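Take the sequence shown: its position 27, counting from 1, is numbered 162 in this note's numbering, and each next residue is one higher.
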Amino acid sequence: MTQYGFLGLGIMGNPMAANLVRAGFQVVVWNRNPAKCAPLVALGARQGGSPREVAAACDITFAMLADPAAASEVCFGPEGVLEGIGGGRGYIDMSTVDDVTARTIAEAVAERGGRFLEAPVSGTKKPAEDGTLIILAAGARALYDEAAPALDTMGKKRMYLGTVGQGARMKLVVNAIMGGMMAALCEGVALGQKGGLDGAEILEALDAGALANPLFRGKGPMLLQGEYPTSFPLKHMQKDLRLAVALGDELGQPLHCIAAVNETFKRARMAGHADEDLAAVFQVIKQ
Numbered sequence: 136m137t138q139y140g141f142l143g144l145g146i147m148g149n150p151m152a153a154n155l156v157r158a159g160f161q162v163v164v165w166n167r168n169p170a171k172c173a174p175l176v177a178l179g180a181r182q183g184g185s186p187r188e189v190a191a192a193c194d195i196t197f198a199m200l201a202d203p204a205a206a207s208e209v210c211f212g213p214e215g216v217l218e219g220i221g222g223g224r225g226y227i228d229m230s231t232v233d234d235v236t237a238r239t240i241a242e243a244v245a246e247r248g249g250r251f252l253e254a255p256v257s258g259t260k261k262p263a264e265d266g267t268l269i270i271l272a273a274g275a276r277a278l279y280d281e282a283a284p285a286l287d288t289m290g291k292k293r294m295y296l297g298t299v300g301q302g303a304r305m306k307l308v309v310n311a312i313m314g315g316m317m318a319a320l321c322e323g324v325a326l327g328q329k330g331g332l333d334g335a336e337i338l339e340a341l342d343a344g345a346l347a348n349p350l351f352r353g354k355g356p357m358l359l360q361g362e363y364p365t366s367f368p369l370k371h372m373q374k375d376l377r378l379a380v381a382l383g384d385e386l387g388q389p390l391h392c393i394a395a396v397n398e399t400f401k402r403a404r405m406a407g408h409a410d411e412d413l414a415a416v417f418q419v420i421k422q
């Protein structure tokens, strides 16, 4: 039976790894804070001592990390993945990073005799728990095919996008659009409420027409309640918007709307909402 590793057990990684274990896969887990491994071990996973140890012991190792810095540290740092990869073993990084970081990791893994696939996901905590993520993969096609059973356990749809970097770019496009939609919803609700409209009726009107969508349906009630339980941390959305703006610079594509939305999320992060759900951007918009 294929042995899988899973590095990073945060808001997304924990339920993703749990779905693999519950589906009967053999999984070795690691997290920077070892205590987060305990619930997975209770489910039947085995705990690894380092990324190097996990990568050396497993046929395919997944990673779900916070940002490019964390992805690079887990790969290149002391006791990192590079020290354990090789022999044709696979490394699938599902973190949201920029295309340059993805290619740098891919090249290093290949030089050590491993295979690499980037596979960032579209979806937040609930889809991660339900196994309904959308997986945006690029890189080693054979590894993509080999990992299909595990990928299909974590997601409801997967796309193979070609060479490494294209998965990262697709994820940034998706999240840039989502950030813009979130900011537009917040501005619209704030405008309506200041104009004397009932917030619930604003959401009802949106949901009845062409603007109906799962994002508004899920986040809209948070705006009215003023409570933002974290499904997708605001700091991670701001990171993704920043990376999208940088990609626009790289490709010479003007991003007037996305750049403005990035500044709004940046202000919300600096105002103390970094660890709340991305819907908390409403707190600075309504002011």
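Here a beta-carbon is modelled for each residue, glycine too, at the ideal position from N, C-alpha and C. Keep in mind it's a predicted model, so treat the numbers as computed, not measured.
- In the structure shown, the three-state DSSP call for R276 is helix.
- Shown here, F211 sits in a helix according to DSSP, grouped into three states.
- Under DSSP, Q138 shares a beta bridge with Q161.
- Scanning its chain for C-beta atoms nearer than 7 Å, with the 5 sequence neighbours on each side dropped, one finds around A153 the residues L175, L178, in chain order.
- Within the DSSP bridge table, the entry for Q388 names no partner.
- Just so you know, the alpha carbons of G184 and C392 end up roughly 44 Å apart.
- Taking the Cβ atoms as the reference, L376 lies roughly 5 Å from G314, within the contact range of under 8 Å.
- Counted as a single uninterrupted DSSP element, the alpha helix (DSSP H) harbouring F417 occupies residues 417-420.
- With respect to M357, F400 sits apart: the two C-beta atoms are not nearer than 8 Å.
- Excluding sequence positions up to five before and after I220, its CB lies within less than 6 Å of the CB of A190, Y226, V244, R247, G249, all in the same chain and listed in chain order.
- In summary, T137 is exposed, with fewer than 16 beta-carbon neighbours lying within 10 Å of its beta-carbon over all protein chains present.
- The C-beta of G143 has 16 or more other C-beta atoms within 10 Å across all chains shown, which makes the residue buried.
- Judged by beta-carbon spacing, V156 lies beyond the 8 Å limit of A173, meaning their Cβ atoms are not closer than that value.
- Between the region 277-287 and the region 333-351 there are fewer than three inter-stretch CB-CB distances shorter than 8 Å, so the stretches are not counted as touching.
- Residues R250 of the same chain have their beta carbon placed closer than 8 Å to that of A277, with the five preceding and five following residues left out of the count.
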